[in-house]
Each structure stands twice: as C-alpha cells, then as structure tokens.
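Numbering (full-length UniProt numbering), first residue to last: 1 to 163.
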C-alpha cells in the first residue's frame, strides 16, 4: 500500500482492519513522497520508479490498485502503469452505500481487470472493427495474394498512427 509519511497511522489502521476481515491477506506498506500529487510528471515518475524497482511476483501474489482514493492525476497514472503492465495489478473502484437503500450499510467494490483477453465482447469488437477497416481498405477486392494483404495491413498501421 503506497502512502506518504503523514499517512503512516492511517496505513496502520487500514492494515489492522484488513487483517480483521481477511487474516490471510498480507498488506505491505511502501512510503512514497510527492510534493504535488496533482502534478502529472511528478506522480507518473514516482509511480513508474516504484514499479520498476519493486520485485512483483504475480504468479504468487495478487496486486490491487484502489483508484478511488487517489487524486485524478494519480488515478490516471495508476491506470496507465497497470494497463502497460508496469504494475501487474487489477484496479479496485469503491463507492459508498446508496443512502436510500442502506444509509449505514456497506459500500460497493468493483474489481477491474485490464487484461482485455478476459473480456470477449471487447475483444470481439476490436476484431470486428479491424476487419471492417481492412475490408474498407481493400475496396471489396477479394484476393489470396499475401503480399497484397500485408500491404493493406501496413497502410492500416500508418493510417492509425497518423490520426
């Protein structure tokens, strides 16, 4: 759990709370220092340095990034680093209880896995969009010529990068 020096006691409280409901969960605290948590360059550099220096063991441990409690800048940086797999983690989004239903009840937690291969509908959408683009570039020309297909795929890559 990344936290600054000022939040050390809050970290200890959270660690005890987690242990009380999930004793098998190990919470490891890492102190980081940010002078301005709303400065994109500073936050990204700090989190990137942490990610590169930490010895993650995703085959043995499960990593979670709670994005709800960050600044918007930190949320964006965490997302980018998790999506690029510098942080091999899933995201947690939490929300308070709905006041009308249970004003004093527990809130909700959603876990977001950025591994798109787990989302068939999204993967299918990307595949369909790519096929439509290739069909458009081929202008209805049906061919089995592998050189033509490679050329069309290269044109697609150039077009995407030049947007």
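Glycine included, C-beta positions come from ideal geometry on N, C-alpha and C.
(message) Please give me, in chain order, every unbroken run of the alpha helix (DSSP H) with length at least 4 that falls completely inside the segment 40 to 124.
(response) 40 to 53, 72 to 83
(message) Using only CA atoms, which one of 60, 56, 47 lies nearest to residue 74?
(response) 47
(message) Taking the beta carbon of residue 109 as the centre, do at least 16 other beta carbons fall within 10 Å, making it buried, or is it exposed?
(response) exposed
(request) Output yes or no for whether 8 angstroms exceeds the beta carbon distance between residue 32 and residue 4. (result) yes
(message) So residue 50 and residue 2 are supposed to be a Cβ contact under 8 angstroms. How far apart are they, rounded?
(response) 7 angstroms
(request) Under 8 angstroms Cβ to Cβ from residue 64, same chain only, skipping five residues before and after it: list those, please. (result) 89, 90, 91, 92, 111
(message) Which same chain residues end up closer than 8 angstroms to residue 78 when comparing Cβ atoms and leaving out the 5 residues on each side of it in sequence?
(response) 47, 65, 67, 70, 87, 91
(request) Kindly indicate which residue of 128, 16, 115 has the alpha-carbon position closest to the one of residue 80. (result) 115
(message) Which same chain residues end up closer than 7 angstroms to residue 23 when comparing Cβ atoms and leaving out the 5 residues on each side of it in sequence?
(response) none
(request) Mind checking which residues open and close the alpha helix (DSSP H) that includes residue 18? (result) 8 to 21
(request) May I have the straight-line CA-CA distance separating residue 132 from residue 83, to the nearest angstrom? (result) 26 angstroms
(request) Verify whether the separation of the beta carbon atoms of residue 105 and residue 94 is less than 8 angstroms. (result) no
(message) Give me, in chain order, the residues of the same chain whose beta-carbon lies closer than 7 angstroms to that of residue 38; leave out the 5 immediate sequence neighbours on both sides.
(response) 71, 73
(request) Would you list the one or two residues that DSSP bridges to residue 31? (result) 3
(request) Since I believe residue 138 is in contact with residue 152 (beta carbons under 8 angstroms), could you give me their beta-carbon distance rounded to a whole number of angstroms? (result) 6 angstroms
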